[in-house]
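Data block below; observations after.
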Amino acid sequence: MILPVYVYGQTVLKQPGRLVVSDEMEEIRKLVEQMWDTMYKSHGVGLAAHQIGQALKLFIVDTVQLNENEDNKGIKKVFINAEILREEGEIVSIEEGCLSFPDLRGKIERPSVVTIRYQDMDLMVHEETYDGFDARVIQHEYDHTLGTLFIEKFNPLKKRLLKSRLEKIKSGQALFRSPVKVSRR
Numbered sequence: 183m184i185l186p187v188y189v190y191g192q193t194v195l196k197q198p199g200r201l202v203v204s205d206e207m208e209e210i211r212k213l214v215e216q217m218w219d220t221m222y223k224s225h226g227v228g229l230a231a232h233q234i235g236q237a238l239k240l241f242i243v244d245t246v247q248l249n250e251n252e253d254n255k256g257i258k259k260v261f262i263n264a265e266i267l268r269e270e271g272e273i274v275s276i277e278e279g280c281l282s283f284p285d286l287r288g289k290i291e292r293p294s295v296v297t298i299r300y301q302d303m304d305l306m307v308h309e310e311t312y313d314g315f316d317a318r319v320i321q322h323e324y325d326h327t328l329g330t331l332f333i334e335k336f337n338p339l340k341k342r343l344l345k346s347r348l349e350k351i352k353s354g355q356a357l358f359r360s361p362v363k364v365s366r367r
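Under my numbering, the first residue of the sequence shown carries the number 183, and numbering increases by one thereafter.
Structural data, given as structure tokens:
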């Protein structure tokens, strides 16, 4: 089932996520299936539970679908209760987008390598290191679990220039290609 994506202005996007616990895994499995459906319908490569209205430490990533680099086949994973342990490597500035900010993109500086500890769908703990685009998507989705929005990483001038577009997203006046949940005042 495809869920509406919560867009800028929804308070859940700014809330820190709570830990997922074992006794709720049946519901989490259903939620994750809905997240995959929603992400693919929205043409995304990652989606955090916050973006569908659930303030949980939960996100999904699929960079396999892009598979532009034979050296890196990409990843398709569920990250539960993730914690970034290290960010290292070259700081790279690349344009990012976010499903919670339709048609809004901006250059974001991020370290090129990330080491993350997380649980999978069986709540088994993993510690893995990723680089390149995989690392970037993981960092972006992880930020959602902290209640951090990618626009907070824009430089001050970019933020000022986008103020009216952000207001249109918040008020529901922007063009949305997929079902969304907007803030109603």
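All C-beta atoms, glycine included, are put in the ideal place defined by N, C-alpha and C. All values reported here derive from a predicted model rather than from experimental measurement.
DSSP, read as helix, strand or coil, puts ALA317 in helix. Looking only at ILE298, GLY314, LEU286, the smallest Cα-Cα distance to HIS308 is reached by ILE298.
Here ASP316 has VAL243, THR245, ASN254, GLY256, ILE257 as same chain residues with Cβ atoms under 8 Å from its own Cβ, once five neighbours each way along the sequence are excluded.
If you draw a straight line from the Cα of MET207 to the Cα of LYS259, it is about 16 Å long. Relative to the Cα of VAL274, the nearest Cα in the group GLN192, LEU339, LYS289 belongs to LYS289. Each of PHE283, ALA231, PHE336, LEU281 was checked against the Cα of PHE261, and the nearest Cα belongs to ALA231. For SER294, the three-state secondary structure derived from DSSP is strand. Between LYS341 and LYS335, the alpha-carbon positions lie close to 9 Å from each other. In the three-state reduction of the DSSP assignment, TYR188 falls in the strand class, which pools E and B. Here LYS345 is exposed. Its C-beta has fewer than 16 other C-beta atoms within 10 Å. Looking at the backbone, the Cα of GLY235 and that of GLY314 are separated by about 29 Å. Residue state for VAL214 is assigned as helix, using DSSP reduced to three classes.
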